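Peer 1: This is the structure I want to talk about, given as structure tokens.
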Amino acid sequence: GGTTIEMITALEGKGFRNAVIQGVVQAAEKSQKMRDSEKNR
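Residues 1162 to 1202 (my numbering) make up the sequence shown, in order.
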């Protein structure tokens, strides 16, 4: 057993967690810009 934790450990070692967090932040910022743009129409 333990294959899932091995995968997670490997991904975290390559910065996967930070990449996911940064992707979510960028998507949220884009969403806000799109909402703001729609309000100004």
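Beta carbons are placed, not taken as given, at the ideal position from N, Cα and C, and that holds for glycine.
Just so you know, these numbers come straight off a predicted model, no measurement behind them.
With H, G and I counted as helix, E and B as strand and the rest as coil, what does DSSP make of glycine 1174?
Peer 2: helix
Peer 1: I need the DSSP call for arginine 1202, collapsed to helix, strand or coil.
Peer 2: coil
Peer 1: By DSSP, does threonine 1184 sit in helix, in strand, or in coil?
Peer 2: For clarity, residue 1184 is glycine in the given sequence; the question names threonine instead. Glycine 1184 falls in the helix class under three-state DSSP.
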